[in-house]
Amino acid sequence: MTDLATYNFAYLDEQTKRMIRRAILKAISIPGYQVPFASREMPMPYGWGTGGVQVTAAILGPKDVLKVIDQGADDTTNAVSIRAFFQKVANVAVTTKTREATIIQTRHRIPEEALTAGQTLVYQVPIPEPLRFLEPRETETRKMHALEEYGLMHVKLYEDIARNGHIATTYAYPVKVEGRYVMDPSPTPKFDNPKMHMSEALQLFGAGREKRIYAVPPYTDVVSLDFEDHPFEIQHFDKPCALCGAEQVYLDEVVLDDKGGRMFVCSDTDHCEDRREHGHAGHLLAQQEAAE
Amino acid sequence: MGAHTEIHASAYAGAFTDPVFQSQSVFRALMDAMARPGTIMPLGASVTPPAPLGAGAGAIALTLCDDGTPVWLTNTLVQSSVPAWLSFHTSAPVTDIKPDARFVFIEAGGIVPGFDQFALGTQEYPDRSSTLVIEIAALTGGPEFVAAGPGIKDEAVISPKGLPDIFLTLWTENRALFPRGVDLILVAGTDVLCLPRTTKLRRREV
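Going line by line, the protein sequences match chains A and B. Residues in the first sequence are numbered consecutively from 748, following the working numbering. Residues in the second sequence are numbered consecutively from 833, following the working numbering.
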């Protein structure tokens, strides 16, 4: 650490960190409630995870090990650049292994491996207000949260059923936290919603452009909204991962050629690599090995 | 003149020696303690504020307070060098209007006012509430309470020592205001135990 100036360790100045830290503490005290904060300009555009970056910068210390994922992958542009950013401004240890990380900043996935008590998951959130597309006025949505008036959200889900025969919301699927606040879990696939419920890890959410921070403490009720006759369901995949053979995980579709060839692979790259290292092989990997 | 000089000397000394990393360490302990109510967490850094403010409470003040956070102090603290120390190191304004306080500091053995006298937030902005930093004799060894709520797996038993007898009544009333209400940081030495407004407490039956 001696070669780095510390007055702006992790990029932010101390005044900004204090402001964000106070917001985080209040967010933890009121699970699911969006705490306004004075979001700063960051050296990356809005939409690139400035909210998550500010939360991570405010909590990060020299002993932390940071993992950054973008749609489950450690090696995509957003993840690589944010990881490099924190290596540069905080000289922090980084990893791609879920179980080695103390802080995991994520864009739109929760790792497949269950998180533990020593870990904090930081979400990058584009639109923190779950009611925003139903009611554009902040004054109104704020009042709706104050009065616990969430009928509109149920109407939206009902209209899904009326049009499509089932709830067609597949990501950013609204949840109710500890029986009080309806919360946007950020645009994670609804597949990940059950992992938020009673998680051992602390979950923090940062929305930079919208200037909101919210949180789900460990061991907190997170219930996906549904109806008795249309219960919440996660996505199911017909085939296991083509590379590691994993089932019950979230898969990405990868187009292989222009003749309709495609494969489905784990979106969580660390989980997939780990399984392959332990000798698991999906059908495409097995074919490749047989060819060699 | 002599006394005057002495007040100033104690007001300037005793802050973090390594503010960036020590305040980060204190914050992480507070974050983990607030996320896991009932867990006793060491702050990992301390300061030497003027008496009667303790090392842990002082470290919390330097970590969280600045010119944007009016602070309410007990009479005993107001009459000590603590306001000058806080002002010099954090620029936090000291207020005697309880609902204006973002942070409240109460020294060990000091009188704890009713929680509803402080800022409770509003239904629209429940985050605009006071956080009370209360120093007590010890975080264990007192009357036992069973704690439940977010951050607690099933139940936890806490036994803070040195809280007023009516604490459980005050806390139950505070809990009933949810999502409004104050949040508590109990401090003994440089260890903390946090009680966010979500935590339900009941006396432990033996």
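Just so you know, even glycine gets a beta-carbon here, dropped at the ideal spot from N, CA and C. Source: prediction; values computed, not measured.
In the DSSP assignment, the residues bridged to residue 1026(B) are 1017(B). About 6 Å separates the CB atoms of residue 923(A) and residue 972(A); that is less than 8 Å, so the two are in contact.
The DSSP-derived three-state label of residue 1019(A) is helix. As for any alpha helix (DSSP H) of minimum length 4 sitting wholly inside the stretch 838 to 892 of chain B, the runs are 851 to 867, ordered along the chain.
Closest in alpha carbon position to residue 925(B), among 945(B), 906(B) and 900(B), is 900(B).
Contact annotation: the stretch 760 to 779 of chain A does not touch the stretch 841 to 850 of chain A, with fewer than three C-beta pairs closer than 8 Å. A straight line joining the alpha-carbon of residue 1004(A) with that of residue 815(A) spans about 30 Å.
Under the Cβ distance rule, residue 852(B) counts among the residues neighbouring chain A, one pair being separated by less than 8 Å. Contact note: residue 802(A) does not reach chain B at a C-beta cutoff of 9 Å; the least C-beta distance is about 11 Å. When 9 Å is used as the limit between beta carbons, residue 1029(B) is near these residues of chain A: 776 and 777, in chain order. The beta carbon of residue 857(B) sits closer than 8 Å to some beta carbon of chain A. Counting along the chain, residue 872(A) sits inside no alpha helix (DSSP H), nor does DSSP assign it H or E at all.
Neighbours of residue 984(B) in chain A, taken as residues at a C-beta separation under 8 Å, are given in chain order as 966. A straight-line Cα-Cα distance of about 5 Å links residue 1031(A) and residue 989(A). Distance from the Cα of residue 934(B) is smallest, within the candidate group 1002(B), 959(B) and 872(B), for 959(B). Inclusion of residue 925(A) and residue 862(A) in the CB contact set at 8 Å is not warranted, their separation being larger than that value. Legend: CB atoms of the stretch 934 to 956 of chain B lying less than 7 Å from CB atoms of chain A belong to residues 955 and 956.
Of all residues in the stretch 868 to 896 of chain B, the ones placed with a Cβ closer than 9 Å to any Cβ belonging to chain A are 868, 869, 895 and 896, in chain order. 806, 808 and 809: these are the residues of the stretch 800 to 829 of chain A whose beta carbon lies less than 7 Å from some beta carbon of chain B, given in chain order. Residues of chain A with a Cβ closer than 7 Å to the Cβ of residue 862(B) are, in chain order, 772. Inclusion of residue 851(A) and residue 869(A) in the CB contact set at 8 Å is warranted, their separation being smaller than that value. When rounded, the separation of the alpha-carbon atoms in residue 998(B) and residue 850(B) is 39 Å. Residues of chain A with a Cβ closer than 7 Å to the Cβ of residue 898(B) are, in chain order, 762 and 765. Rounded to the nearest whole angstrom, the CA to CA distance from residue 895(B) to residue 936(B) is 14 Å.
Judged by pairs of C-beta atoms under 8 Å, the stretch 827 to 843 of chain A does not touch the stretch 874 to 883 of chain A, as fewer than three such pairs exist. Assignment of beta-bridge partners to residue 952(B) by DSSP yields 961(B).
By DSSP's assignment, residue 853(A) forms a beta bridge with 816(A) and 870(A). Among the residues of chain B, those whose CB is under 9 Å from the CB of residue 925(A) are 981, 982 and 1030, following chain order. Contact with chain A is found for residue 958(B), since one of that chain's Cβ atoms lies less than 8 Å from the residue's Cβ. The criterion of a C-beta distance shorter than 8 Å is satisfied by residue 947(B) and residue 1014(B).
Scanning its chain for C-beta atoms nearer than 7 Å, with the 5 sequence neighbours on each side dropped, one finds around residue 1001(A) the residues 1009, 1010 and 1012, in chain order. The three-state secondary structure of residue 803(A), taken from DSSP, is helix. Sixteen is the threshold: when 16 or more other Cβ atoms of the shown chains lie within 10 Å of the Cβ of residue 780(A), as they do, the residue is buried. Its Cα nearest to that of residue 871(B), the residue 1018(B) stands out among 1035(B), 1018(B) and 1029(B). When the beta-carbon positions are compared, residue 861(B) and residue 874(B) come within less than 8 Å of each other.
Taking the CA atoms as reference points, residue 1033(B) sits about 26 Å from residue 893(B).
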